[in-house]
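Here is the structure we will look at.
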Amino acid sequence: MNTIEAGNGEWVVSSVGCRTSRTPTGLEDVSKYPELFAELLANGWSEGDIQKLAGLNLIRVFKAVEQVRDRMAAEGVEPLEEEIPKEDIIGRDYCRFNLKQPLVTP
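In UniProt numbering, the protein residues as written are 1 to 106.
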């Protein structure tokens, strides 16, 4: 789990278990977010701040993506519908955290 200050006093939290071998005890993966949020609320964070931390920014990003989608559709750009070949993804679980297996990078 990483926390990043956005520079404007806002924080974001992300889980990148596939890229780190050390996490704070009790915050090993996203299943621990409810405990994190409860602790932050108990320590004076507002519900609005928790909402921002939990993904309100993600909603903003998705809205922007939808605007790009709509613009591209209006310009006649067709979406790509190609499937990724299985051989390109089998054995590549980089975004899964498994302490029993060493990290393999592409």
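All residues carry an ideal CB built from backbone N, CA and C; glycine is no exception.
Small disclaimer: the values here were computed from a predicted structure and weren't measured.
State the start and end residues of the unbroken alpha helix (DSSP H) segment that holds residue i.
i	result
residue 58	57 to 74
residue 90	Element bounds for residue 90: n/a, residue is neither H nor E.
residue 35	33 to 42
residue 49	47 to 51
Less than 8 Å between the beta carbons of residue i and residue j, yes or no?
i	j	result
residue 41	residue 27	no
Check each candidate in the options and name the one with the smallest Cα separation from residue i.
i	options	result
residue 77	69, 84 and 83	69
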